[in-house]
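Only one structure is covered here, and it is reproduced in the block below.
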Amino acid sequence: MTQPLKEVYLVAAEAPEPVGAEVLTEAFSSDEVELLFDVPGVLFSVRSEQSRVDVRFDTLLKPLGWTPDLLTGPPELRARLEAARGFYRVSFEPGVPQPSVAAFEALWTVRTLLELCEGVAVDLTSFKLHSGLDVEEITELDFDIRDHLTVHAQVLSESDPLLWVHTHGLAKFAAPDVEMFRIAEADLSAAETFFYELAADLAFGSGPQPRQVLTTSVGRDFRLLPCDEGRANLFQVDPDTFTGHGSGFLTVVSPEGRHSMSEILVHYRERFTEESEDESRKKQTEASRLLPLFKGRYLRKGLMEPLTFLVRAPFEVHPSGASEEPEQEQLWVEVVQWSEETLIGKLVEGGTRTSEWRKGSHVEVDDTQINALSVAREGRQLEPDEVEQLLQLERPA
């Protein structure tokens, strides 16, 4: 029996009329997909051998004029949504033929529509707003679960300041969202990182089964319980709190079923310890001292050598909007090419505060911007003394 399609993406456009059939036919022309206009109740349907994406169209007589509070995105995208008159509703069957493949088939439809009309995309599962450039980067660059997921934190009662932290967005991958309880505000970033790691597995259909004891990448054990079980031992929590957050969640608990998650987050917490000024100066000094050796060794790197050369540099971000004062975020870059005083590299991870710098993006870094160095061998990041030993040992005579 065919499962019903799920409406996952919305393309909000300025124009109140849909793009014409001839333009759509030309834009979607491909040997891999077929475009159908005779499906009842549908503007058009994009069919491949294994997937189906249906697009409906609605018109508003007046601009929307508002954006829901839960939506996340820069002010300029919110303004586009508020002014939109036409809405393309994009539906597909999550998980078919595979979780990530199904979502990306739909995203390619969204991308094509945004190339044809002025508008903004809304991920209805994660409440994220995306520009046309966002969607282009998401479909072209390395997969980053943060583009598809939102993590919300909420206080459950006035008497208890600890947080209920949960995700939205995994439904597009035919996977349940996940939640944790009794998280301190100081541990929110650590909890988000843990969720991103877990959600990436779920999005690729390789997530863990409920109730079995699992181990994180840093060796801490936990279990996932269906939320009806996981929430059963919460006390003094108003059931109305979970309105709209029903049975489609898995609750992260300790192996014994407790909600105390401090131990599982301890190693994730360490990643967010703020670097002191002394540590920053020390790394900058070491980077300046070793840069000539580091650069020379990279240029002598053999084609099959399992070495990855990494540099850290500041990148300008605008978390408060493009019109506000920019801030800086320190990001690691894998060196791909080095020419004179400028290197071309690939971002190891995307920015944590905005989507301006996505994972896998190619960037240029001037030598003078580098403030930390690292080398990885076969995926393992070397300790600072190992890096220096590598560089000094192979120093040319």
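Each residue of the sequence shown is one higher than the one before, counting from 39 in my numbering.
We treat Cβ as the ideally placed atom computed from N, Cα and C, and that holds for glycine.
Got a sec, what are the start and stop residues for the beta strand (DSSP E) residue 166 sits in?
Residue numbering aside, residue 166 sits at position 128 when the sequence shown is read from its first letter. For residue 166, the enclosing beta strand (DSSP E) starts and ends at 166-168.
Given 8 Å as the limit, is there contact between the segment 287-307 and the segment 225-232, that is, 3 or more CB pairs closer than that?
Contact between the segment 287-307 and the segment 225-232 is present, because at least three Cβ pairs lie under 8 Å.
Name the DSSP beta bridge partners of residue 415, please?
One-based indexing of the sequence shown puts residue 415 at position 377. In DSSP, residue 415 forms a bridge with 345 and 418.
In three-state terms, what does DSSP make of residue 384?
Against the sequence shown, residue 384 aligns to sequence position 346. Note: residue 384 maps to strand in three-state DSSP.
Just how far apart, CA to CA, sit residue 427 and residue 174?
To locate residue 427, count along the sequence shown from 1; it is residue 389. To locate residue 174, count along the sequence shown from 1; it is residue 136. If you take the alpha carbons of residue 427 and residue 174, they lie about 42 Å apart.
Under DSSP, the beta strand (DSSP E) around residue 193 begins and ends at which residues?
Stepping through the sequence shown from its first residue, residue 193 is reached at position 155. Run containing residue 193: 188-195, per the beta strand (DSSP E) assignment.
Which value, in whole angstroms, describes the spacing of the CA atoms of residue 245 and residue 239?
The count along the sequence shown starts at 1 and reaches residue 245 at position 207. The count along the sequence shown starts at 1 and reaches residue 239 at position 201. Between the C-alpha atoms of residue 245 and residue 239 there is a straight-line separation of about 5 Å.
Under the DSSP definition of a beta bridge, which residues are partnered with residue 225?
The residue labelled residue 225 in the question sits at position 187 within the sequence shown. The partner list for residue 225 (beta bridge, DSSP) is empty, contrary to what the question assumes.
Under the DSSP definition of a beta bridge, which residues are partnered with residue 299?
Position 261 of the sequence shown, counted from the first residue, corresponds to residue 299. According to DSSP, residue 299 bridges with nothing at all.
Could you round the C-beta distance between residue 385 and residue 401 to whole angstroms and report it? I think they count as a contact, below 8 Å.
By one-based count along the sequence shown, residue 385 stands at place 347. By one-based count along the sequence shown, residue 401 stands at place 363. The Cβ separation is near 6 Å, so the contact holds.
Cα separation between residue 214 and residue 190?
Position 176 of the sequence shown, counted from the first residue, corresponds to residue 214. Position 152 of the sequence shown, counted from the first residue, corresponds to residue 190. Near 15 Å, if we compare the C-alpha coordinates of residue 190 and residue 214.
Compute the beta-carbon to beta-carbon distance between residue 205 and residue 188, rounded to the nearest angstrom, for a pair I have assumed lies under 8 Å.
Here residue 205 refers to the residue found at position 167 when the sequence shown is read from its first residue. Here residue 188 refers to the residue found at position 150 when the sequence shown is read from its first residue. Correct: roughly 7 Å between the Cβ atoms.
What separation, rounded to the nearest whole angstrom, lies between the Cα atoms of residue 297 and residue 81?
What you label residue 297 is simply residue 259 of the sequence shown in a count that begins at 1. What you label residue 81 is simply residue 43 of the sequence shown in a count that begins at 1. The alpha-carbon atoms of residue 297 and residue 81 are separated by roughly 47 Å.
With burial defined as no fewer than 16 other Cβ atoms inside 10 Å of the residue's Cβ, what is the status of residue 75: buried or exposed?
In the sequence shown, counting from the first residue as 1, residue 75 sits at position 37. That one is exposed.
What does the alpha-carbon distance come out to for the pair residue 396 and residue 67?
For the purposes of this step, residue 396 is taken as the residue at position 358 of the sequence shown. For the purposes of this step, residue 67 is taken as the residue at position 29 of the sequence shown. Computed Cα separation, rounded: 29 Å.
Checking 8 Å against the spacing of the C-beta atoms, do residue 86 and residue 45 come in under that value?
Residue 86 sits at position 48 when you count from the first residue of the sequence shown. Residue 45 sits at position 7 when you count from the first residue of the sequence shown. No, Cβ-Cβ distance for residue 86 and residue 45 is not below 8 Å.
Looking at C-beta atoms only, is the number of pairs between the segment 345-358 and the segment 90-106 that lie closer than 8 Å three or more?
no
If we count Cβ pairs, one from each stretch, closer than 8 Å, do we get three or more for the segment 111-123 versus the segment 50-57?
yes
Identify every residue that forms a DSSP beta bridge with residue 126.
Position 88 of the sequence shown holds residue 126. DSSP lists 49 and 95 as partners of residue 126.
When we look at the beta-carbon of residue 377 and count the other beta-carbons within 10 Å, is it buried (16 or more) or exposed?
By 1-based counting over the sequence shown, the position of residue 377 is 339. That one is exposed.
Please state the DSSP three-state secondary structure of residue 371.
Locating residue 371 in the sequence shown gives position 333, counting from the first residue. Note: residue 371 maps to strand in three-state DSSP.
In whole angstroms, what separates the C-alpha of residue 416 from that of residue 279?
For the purposes of this step, residue 416 is taken as the residue at position 378 of the sequence shown. For the purposes of this step, residue 279 is taken as the residue at position 241 of the sequence shown. Roughly 47 Å separates the two Cα atoms.
Going by the DSSP bridge assignment, what does residue 206 pair with across the sheet?
Locating residue 206 in the sequence shown gives position 168, counting from the first residue. Looking at the DSSP output, residue 206 shares a beta bridge with 188.
Specify, as a first and last residue, the run of the beta strand (DSSP E) that residue 142 falls within.
As a position in the sequence shown, residue 142 is number 104, starting the count at 1. Counting along the chain, residue 142 falls outside any beta strand (DSSP E), though it belongs to the alpha helix (DSSP H) covering 137-154.
Taking the alpha carbon of residue 88 as the point to measure from, which residue in 43, 134, 110 and 65 has its own alpha carbon closest?
As a working mapping, residue 88 is identified with position 50 in the sequence shown. Taking only the C-alpha atoms, the option nearest residue 88 is 134.
To the nearest angstrom, report how far apart residue 241 and residue 356 are at their CA atoms.
For this step, residue 241 is matched to residue 203 along the sequence shown. For this step, residue 356 is matched to residue 318 along the sequence shown. Looking at the two C-alpha atoms, the distance is approximately 29 Å.
When you compare the CB positions of residue 249 and residue 299, do they come within less than 8 Å of one another, or not?
Translated into positions along the sequence shown, residue 249 becomes position 211. Translated into positions along the sequence shown, residue 299 becomes position 261. Result no, Cβ atoms of residue 249 and residue 299 do not sit closer than 8 Å.
Rank 392, 132 and 218 by C-alpha distance to the C-alpha of residue 364 and give the top, closest one.
Looking up residue 364 in the sequence shown gives position 326. When only C-alpha atoms are compared, the closest one is 392.
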